[in-house]
Amino acid sequence: AQSVSQHNHHVILSEAASLELGCNYSYGGTVNLFWYVQYPGQHLQLLLKYFSGDPLVKGIKGFEAEFIKSKFSFNLRKPSVQWSDTAEYFCAVVSGTYKYIFGTGTRLKVLA
Amino acid sequence: GAGVSQSPRYKVAKRGQDVALRCDPISGHVSLFWYQQALGQGPEFLTYFQNEAQLDKSGLPSDRFFAERPEGSVSTLKIQRTQQEDSAVYLCASSLNSYNEQFFGPGTRLTVL
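Going down the list, the sequences are from chains V and F.
325 is the number of the first residue of the first sequence in the numbering used here; add one for each residue after it.
826 is the number of the first residue of the second sequence in the numbering used here; add one for each residue after it.
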């Protein structure tokens, strides 16, 4: 069965620190990849997505992610985090169907 | 409205009660999805509609769970004889079609006592 692993469950950073959140998936075929963010008290929002083409994807609010097919990874990065980035981040994979397979999420806390 | 809306936002039920959760998708979105998110977990797929047709209900955990979208717009997820393990956030999402990005509602937090 397909699965998505997010290895960091809780991350605490100071403002201006660099961020990298890991995401690995288990499916070997063609995949579409997503990062969603959930700010406190708000609904899930799309940060960025990869369908095809350039494996380095840029999203909103300065986030980017790199699809490395050989490593089955789609890690999320941001060079300098802000306090307002405090949220929960979910990686999701879709392979050939409409079913999103989500990871368990990473809670990021940014200290001002 | 501009986004997906869900009601109620919070629901407390006694074990054995029936509940109904409503989802209003984005206007014009053909595809509608329900997910269940348990505490500390990511959302898990429950069911999928294309217009009024329920094309996939493989994620529904038991026959106590039932979903409908009779006119291809608003959808209702019904849980009969609720159990404590049904406590979770129930998310609704819609998309233009099944292969586009999904837009999520705020969820309904169900607590079964």
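Don't be surprised by glycine CBs; every beta carbon is placed ideally from N, CA and C.
The model shown is predicted, which means the values in this text are computed figures rather than measured ones.
(request) Could you tell me whether the Cβ of F891 (chain F) comes closer than 7 Å to any Cβ of chain V? (result) For the purposes of this step, residue 891 (chain F) is taken as the residue at position 66 of the second sequence. For F891 (chain F), the closest Cβ of chain V is not nearer than 7 Å.
(message) Counting only Cβ pairs nearer than 8 Å, list the residues of chain V close to F929 (chain F).
(response) Locating residue 929 (chain F) in the second sequence gives position 104, counting from the first residue. Listed along the chain, the chain V residues whose CB falls inside 8 Å of the CB of F929 (chain F) are Y360, H367, L368, Q369.
(request) State the Cα-Cα distance for the pair Q831 (chain F) and V914 (chain F), rounded to the nearest angstrom. (result) Position 6 of the second sequence holds residue 831 (chain F). Position 89 of the second sequence holds residue 914 (chain F). Spanning the alpha carbons of Q831 (chain F) and V914 (chain F) requires a straight line of approximately 11 Å.
(request) Tell me whether the beta-carbon of A389 (chain V) lies closer than 7 Å to the beta-carbon of W359 (chain V). (result) In the first sequence, residue 389 (chain V) corresponds to position 65, counting from 1. In the first sequence, residue 359 (chain V) corresponds to position 35, counting from 1. Cβ atoms of A389 (chain V) and W359 (chain V): closer than 7 Å.
(message) Along the chain, where does the beta strand (DSSP E) containing R431 (chain V) start, and where does it finish?
(response) Counted from its first residue, the first sequence places residue 431 (chain V) at position 107. Run containing R431 (chain V): 430–435, per the beta strand (DSSP E) assignment.
(request) Spell out whether any CB of chain F is found under 7 Å from the CB atom of Y351 (chain V). (result) Here residue 351 (chain V) refers to the residue found at position 27 when the first sequence is read from its first residue. For Y351 (chain V), the nearest beta carbon of chain F is not closer than 7 Å to its own beta carbon.
(message) Check whether chain V comes within 7 Å of G897 (chain F), counting only Cβ atoms and requiring the distance to be less than that.
(response) For this step, residue 897 (chain F) is matched to residue 72 along the second sequence. Closer than 7 Å: no.
(request) Consider the Cβ of G383 (chain V): report whether some Cβ of chain F lies at a distance smaller than 7 Å. (result) Counting from 1 along the first sequence, the entry for residue 383 (chain V) is found at position 59. Output row for G383 (chain V): interface = no.
(request) Can you grab the Cα-Cα spacing for the pair S397 (chain V) / P379 (chain V), in whole Å? (result) Numbered from its first residue, the first sequence carries residue 397 (chain V) at position 73. Numbered from its first residue, the first sequence carries residue 379 (chain V) at position 55. Distance between the alpha carbons of S397 (chain V) and P379 (chain V) is about 11 Å.
(request) Name, please, each residue of chain F whose Cβ falls closer than 9 Å to the Cβ of T428 (chain V). (result) As a first step, residue 428 (chain V) is located in the first sequence; it is residue number 104 there, counting from the start. The answer, in chain order, is G865, Q866, G867.
(request) Indicate whether G386 (chain V) and L371 (chain V) have their beta-carbon atoms separated by less than 7 Å. (result) What you label residue 386 (chain V) is simply residue 62 of the first sequence in a count that begins at 1. What you label residue 371 (chain V) is simply residue 47 of the first sequence in a count that begins at 1. With a cutoff of 7 Å on beta-carbon distance, G386 (chain V) and L371 (chain V) are scored as not near each other.
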